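Participant:
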DNA sequence: CCTTTGCCAGAATACGTATTCTCTCCACGT
DNA sequence: ACGTGGAGAGAATACGTATTCTGGCAAAGG
């Protein structure tokens with residue numbers, strides 16, 4: 006049963022298509038009798054507007070694009086992204102927008118996705134999650150004046166609208182927390198170099214060390230990826246150093262869990278001999294043994310701000326504040 | 006810098022818009038000289054087709070809809086759904102489709118989403134994840150002949166295309182596994198009644214008991230939701246029975262983790278005194294203490310089959326096999 | 001009585017693409 | 001020489017909606 010069009014409604018009501026459109030849009034300049042005639046026909050036969058035609062005409066699609074800079078496999082594993090996506094779906098939905106999601110790690114396919122979503126006018130705006138420090142698309146997006154919002158950071162210009170965690174402050178807080186627990190050799194197990202989150206947390210870590218007068222050692226910093234496996238291997242290596250760390254700040258809970266595994270495998274007591282703290286306060290932090298201290302990121306706030314910001318950009322084309330920072334919170338559990 | 010249209014390209018090339026369209030679509034009936042002229046103009050100024058206009062014209066949007074029957078909050082928490090969504094994004098992308106995701110638990114808003122996505126022709130087809138046993142929209146979708154695929158099951162008619170885990174078989178396998186470990190009082194901590202997954206797993210559980218000649222007891226079955234909290238509370242209650250269970254099959258890893266917490270809180274040894282097994286083989290199964298046995302669901306296979314099936318339905322309107330069953334696999338760890 | 005004003009609704013048009021229709025031009029066969 | 005056929009390209013149209021343009025009609029005003 007194909008959907009009726011305004012034209013068919015018009016014929017059935019014996020009015021013009023324009024009148025049907027006016028009735029539907031609540032235009033006051035339409036005679037009450039005709040209005041009733043049209044409404045009763047619609048009531049009887051049903052009518053749903055064609056979104057494609059509407060968006061061709063109105064230049065609006067009512068859809069936001071979400072591009073996550075991770076491979077689908079990483080996406081599947083990391084609860085942070087699923088929570089973020091879920092929250093964005095929620096807020097976009099509340100504001101009457103749909104959401105088109107894509108994920109891609111390879112630069113090339115990301116490029117294609119941008120073209121696809123944006124230039125083809127499939128979406129009204131874009132939310133980009135954690136682009137990397139050298140991201141070649143940003144200048145083009147800016148130049149084209151296309152509405153987009155970052156979750157994360159972009160350094161080269163401050164013309165970009167973005168929301169970010171206070172990663173530097175949070176990492177500093179976490180490190181200071183470890184220092185207060187009398188740890189002086191503190192390791193940082195990170196994700197890849199060049200990813201803002203990792204670099205920022207590294208900075209916060211360094212700041213805390215410096216403020217406490219601890220000499221930072223590059224031996225205690227391990228760059229890698231966001232996997233449990235990396236956490237395990239990096240921590241294993243660190244623990245076999247002649248002068249091993251007594252505490253570790255992980256860039257991510259998944260990485261922290263891997264580190265935890267390495268520590269337990271060597272039968273070091275947690276937190277007495279080695280303290281571990283992660284990032285994101287993932288649900289599973291409560292379930293691991295011992296429960297993992299972590300930095301809680303306010304995912305819903307990130308999603309909320311990013312979505313609102315983007316929609317304001319789309320609908321009004323102007324927003325005063327460009328950068329938003331969402332504070333994080335230390336969640337202390339038994340691992341520290 | 007607004008995107009150029011075929012019309013503008015046509016003017017610049019001094020040909021008609023129809024010719025530009027023909028060149029772009031590779032129509033052979035166009036003079037080589039004109040073709041070159043058009044191509045060089047496009048090369049110089051750039052051209053990206055307008056997806057809205059194309060879909061209005063072609064009746065295809067190149068987008069699939071995904072509707073998950075869970076609240077965004079549950080979505081955020083449960084790694085099963087994030088993995089599923091990620092996999093569907095991946096396969097849809099590979100097939101050249103975009104993905105529009107929505108989630109809603111309330112029946113009413115689900116209704117609205119169906120209307121929105123489907124009747125407005127925003128998507129070419131729909132993937133519905135785990136609808137409930139009494140789902141009032143299925144008949145309407147069928148009647149309208151709209152392409153859609155279920156991940157899960159729908160009983161009232163077998164005219165529906167669907168992919169599902171072998172939930173009955175898997176729950177039977179899990180329960181038999183517990184029986185082999187010499188457990189005779191086995192509890193089943195479930196999600197809500199009326200949700201197919203829960204009902205099917207319940208059936209498998211009962212089958213295993215019956216085959217082993219164990220009298221099933223409704224005291225040992227706890228219906229609830231998919232939360233860790235429910236697992237904890239239900240298991241606490243079960244353990245304080247005069248004749249408590251020595252093993253528990255949980256409908257979900259999250260629920261299993263809650264049950265595990267209840268067991269450990271009472272200082273019962275796992276798996277010696279109480280064995281626990283979950284469902285989904287979530288990443289965190291490895292990290293909890295003790296590592297949680299679970300039934301691994303082949304999420305990527307589910308996603309792959311559902312996506313392929315839907316795309317075939319959209320593009321060819323006919324598929325032979327209607328129901329697909331994906332086998333599950335027991336993953337034995339220390340909790341059993 | 002004629003013009004102005006205002007209301008209301010149909011006609012026309014635009015959005016951008018894909019396809020059909022139509023016309024011109026040229027080569028070929030009788 | 002004239003009709004036939006076919007190639008190739010522009011003109012026209014459709015997809016469905018929203019808006020502007022236009023015109024008819026009646027009431028109001030001179």
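Protein chains in written order, with the numbering used here: chain U, 6 to 341; chain W, 6 to 341. Heads up, the beta-carbon is just placed ideally off N, CA and C, and yes, glycines get one too. Computed from a prediction, not measured in an experiment: that's the story for all the values here.
(1) What's the C-alpha gap between residue 88 of chain U and residue 144 of chain W?
(2) Quick check on this structure: which residue in U:239, U:22 and U:152 has the alpha carbon closest to the alpha carbon of residue 259 of chain U?
(3) Exposed or buried, residue 129 of chain W, counting other C-beta atoms within 10 Å across all chains shown (16 or more means buried)?
(4) Measuring alpha carbon to alpha carbon, tell me which of U:124, U:166 and U:161 ends up nearest residue 132 of chain U.
(5) Taking the alpha-carbon of residue 79 of chain W as reference, which of W:201, W:171, W:257 and W:43 has the nearest alpha-carbon?
(6) Provide the residue span of the alpha helix (DSSP H) that contains residue 264 of chain W, from first to last.
(7) Kindly list the residues whose CB is nearer than 8 Å to the CB of residue 158 of chain W, restricted to its own chain and excluding five residues on each side of it in sequence; keep chain order.
(8) Could you tell me whether the Cβ of residue 131 of chain U comes closer than 7 Å to any Cβ of chain W?
(9) Count the other CB atoms within 10 Å of the CB of residue 68 of chain U; is the residue buried (16 or more) or exposed (fewer)?
(10) What are the residues in the region 286-316 of chain W lying within 7 Å of chain U by C-beta distance?
(11) Under 7 Å Cβ-Cβ, which residues of chain W neighbour residue 77 of chain U?
(12) At what residues does the beta strand (DSSP E) containing residue 340 of chain W begin and finish?
(13) Decide if residue 11 of chain W is buried, meaning its Cβ has at least 16 other Cβ atoms within 10 Å, or exposed.
(14) Given this structure, state the Cα-to-Cα distance separating residue 337 of chain U from residue 299 of chain U, to the nearest angstrom.
(15) Which class does residue 334 of chain W belong to by DSSP, given the choice of helix, strand or coil?
(16) Are the C-beta of residue 105 of chain W and some C-beta of chain U separated by less than 7 Å?
(17) Following the continuous beta strand (DSSP E) through residue 51 of chain W, name the residue where it begins and the one where it ends.
(18) At the level of alpha carbons, what is the spacing between residue 47 of chain W and residue 136 of chain U?
(19) Could you work out which residue in U:108, U:96 and U:70 is closest to residue 86 of chain U when comparing CA atoms only?
(20) Check whether the Cβ atoms of residue 173 of chain U and residue 209 of chain U sit closer than 7 Å, and answer yes or no.
(21) Bridge partners of residue 106 of chain U, per DSSP?
(22) Could you check the C-alpha separation between residue 155 of chain U and residue 118 of chain U for me, to the nearest Å?
(23) Output yes if chain W places a C-beta closer than 7 Å to the C-beta of residue 251 of chain U; else output no.
(24) Here's the rule I'm using: 16 or more other beta-carbon atoms within 10 Å means buried, otherwise exposed. How should residue 162 of chain W be labelled?
(25) Could you compute how far the alpha carbon of residue 305 of chain W sits from the alpha carbon of residue 64 of chain U?
(26) Do you know whose CA, among W:147, W:286, W:123 and W:231, lies nearest residue 179 of chain W's CA?
(27) For chain W, check one thing: does any of its Cβ atoms lie closer than 7 Å to the Cβ of residue 60 of chain U?
(28) Whole angstroms is fine: what's the gap from residue 94 of chain U's alpha carbon to residue 56 of chain U's?
(29) By DSSP, does residue 282 of chain U sit in helix, in strand, or in coil?
(30) With distances taken between CB atoms, is the gap from residue 339 of chain W to residue 281 of chain W smaller than 7 Å?
(31) Looking only at DSSP bridge pairs, what is residue 101 of chain W linked to?
(32) Could you tell me which whole beta strand (DSSP E) segments of length 3 or greater appear in the region 145-175 of chain U?
(33) Compare the C-beta of residue 268 of chain U with all C-beta atoms of chain W and state if any pair is closer than 7 Å.
(34) Chain W beta carbons: is any one of them nearer than 7 Å to that of residue 53 of chain U?
(35) Report the three-state DSSP secondary structure of residue 124 of chain W (helix, strand or coil).
(36) Does any C-beta atom of chain U lie closer than 7 Å to the C-beta of residue 261 of chain W?
Facilitator: Well, looking at it:
(1) For the purposes of this step, residue 88 of chain U is identified with residue 83 of the first chain, where counting begins at 1. For the purposes of this step, residue 144 of chain W is identified with residue 139 of the second chain, where counting begins at 1. When only Cα atoms are considered, residue 88 of chain U and residue 144 of chain W end up about 32 Å apart.
(2) Locating residue 259 of chain U in the first chain gives position 254, where the first residue counts as 1. Closest in C-alpha terms to residue 259 of chain U, from the list U:239, U:22 and U:152, comes U:239.
(3) Mapped onto the second chain, residue 129 of chain W falls at position 124. Of the residues assessed, residue 129 of chain W falls on the buried side of the cut-off, its CB having 16 or more other CB atoms within 10 angstroms.
(4) Here residue 132 of chain U is taken as the residue at index 127 of the first chain, counted from 1. Relative to residue 132 of chain U, the option among U:124, U:166 and U:161 whose CA is nearest is U:166.
(5) Here residue 79 of chain W refers to the residue found at position 74 of the second chain. Closest option to residue 79 of chain W, Cα to Cα, is W:257.
(6) Position 259 of the second chain, counted from the first residue, corresponds to residue 264 of chain W. It spans 258-270 - the alpha helix (DSSP H) in which residue 264 of chain W sits, taken as one unbroken run.
(7) Counting from 1 along the second chain, the entry for residue 158 of chain W is found at position 153. Excluding five sequence positions before and after residue 158 of chain W, the CB atoms of its chain that fall closer than 8 Å to its own CB belong to 167, 169, 201 and 205, given in chain order.
(8) To locate residue 131 of chain U, count along the first chain from 1; it is residue 126. Cβ-Cβ to chain W under 7 Å: no for residue 131 of chain U.
(9) Here residue 68 of chain U corresponds to residue number 63 of the first chain, with the count starting at 1. Residue 68 of chain U counts as buried, since no fewer than 16 other beta carbons sit within 10 angstroms of its beta carbon.
(10) Among the residues of the region 286-316 of chain W, those with a Cβ less than 7 Å away from any Cβ of chain U are 288, 289, 292, 293 and 294, in the order of the chain.
(11) As a position in the first chain, residue 77 of chain U is number 72, starting the count at 1. The answer, in chain order, is 91, 92, 94 and 95.
(12) Along the second chain, one-based indexing puts residue 340 of chain W at 335. The continuous stretches of beta strand (DSSP E) do not include residue 340 of chain W, and DSSP gives it neither H nor E.
(13) Numbered from 1 along the second chain, position 6 holds the residue referred to as residue 11 of chain W. Around the beta-carbon of residue 11 of chain W, 16 or more other beta-carbon atoms lie within 10 Å, marking it buried.
(14) As a first step, residue 337 of chain U is located in the first chain; it is residue number 332 there, counting from the start. As a first step, residue 299 of chain U is located in the first chain; it is residue number 294 there, counting from the start. Each residue's alpha carbon lies about 7 Å from the other.
(15) The residue given as residue 334 of chain W occupies position 329 in the second chain. Residue 334 of chain W falls in the strand class under three-state DSSP.
(16) Walking along the second chain from the start, residue 105 of chain W turns up at place 100. Residue 105 of chain W counts as touching chain U.
(17) Position 46 of the second chain, counted from the first residue, corresponds to residue 51 of chain W. Going by DSSP, residue 51 of chain W is part of no beta strand (DSSP E) at all; its letter is neither H nor E.
(18) Taking the first residue of the second chain as 1, we reach residue 47 of chain W at position 42. Taking the first residue of the first chain as 1, we reach residue 136 of chain U at position 131. One Cα belongs to residue 47 of chain W, the other to residue 136 of chain U, and the distance between them is close to 30 Å.
(19) If you number the first chain from 1, residue 86 of chain U lands on position 81. Of the listed residues, the one whose Cα sits closest to residue 86 of chain U is U:108.
(20) The residue you call residue 173 of chain U lines up with position 168 of the first chain. The residue you call residue 209 of chain U lines up with position 204 of the first chain. Contact flag set, yes.
(21) Within the first chain, the letter at position 101 stands for residue 106 of chain U. Beta-bridge pairing links residue 106 of chain U to U:71.
(22) The residue labelled residue 155 of chain U in the question sits at position 150 within the first chain. The residue labelled residue 118 of chain U in the question sits at position 113 within the first chain. Cα-Cα distance, rounded: 16 Å.
(23) In the first chain, residue 251 of chain U corresponds to position 246, counting from 1. No, residue 251 of chain U lies away from the interface with chain W (no Cβ there is under 7 Å from its Cβ).
(24) Here residue 162 of chain W corresponds to residue number 157 of the second chain, with the count starting at 1. Exposed, since its Cβ has fewer than 16 Cβ neighbours within 10 Å.
(25) Position 300 of the second chain, counting from 1, holds the residue named residue 305 of chain W. Position 59 of the first chain, counting from 1, holds the residue named residue 64 of chain U. Distance between residue 305 of chain W and residue 64 of chain U, taken at the CA atoms: about 37 Å.
(26) If you number the second chain from 1, residue 179 of chain W lands on position 174. Of the listed residues, the one whose Cα sits closest to residue 179 of chain W is W:286.
(27) Within the first chain, the letter at position 55 stands for residue 60 of chain U. Judged by the 7 Å Cβ criterion, residue 60 of chain U is in contact with chain W.
(28) For the purposes of this step, residue 94 of chain U is taken as the residue at position 89 of the first chain. For the purposes of this step, residue 56 of chain U is taken as the residue at position 51 of the first chain. Answer to the nearest angstrom: the Cα atoms are 19 Å apart.
(29) Indexing the first chain from 1 puts residue 282 of chain U at position 277. The answer is strand: DSSP assigns residue 282 of chain U an E or B state.
(30) To locate residue 339 of chain W, count along the second chain from 1; it is residue 334. To locate residue 281 of chain W, count along the second chain from 1; it is residue 276. No. Outside cutoff.
(31) Position 96 of the second chain holds residue 101 of chain W. Looking at the DSSP output, residue 101 of chain W shares a beta bridge with no other residue.
(32) The region 145-175 of chain U contains, as complete beta strand (DSSP E) runs of 3+ residues, the segments 153-156 and 167-170 (chain order).
(33) As a working note, residue 268 of chain U is residue 263 in the first chain. Chain W, which has no Cβ nearer than 7 Å to the Cβ of residue 268 of chain U, makes this no.
(34) Walking along the first chain from the start, residue 53 of chain U turns up at place 48. Under the Cβ distance rule, residue 53 of chain U counts among the residues neighbouring chain W, one pair being separated by less than 7 Å.
(35) Position 119 of the second chain holds residue 124 of chain W. Here residue 124 of chain W sits in helix by DSSP.
(36) Taking the second chain and counting its residues from 1, the one referred to as residue 261 of chain W is at position 256. Not an interface residue.
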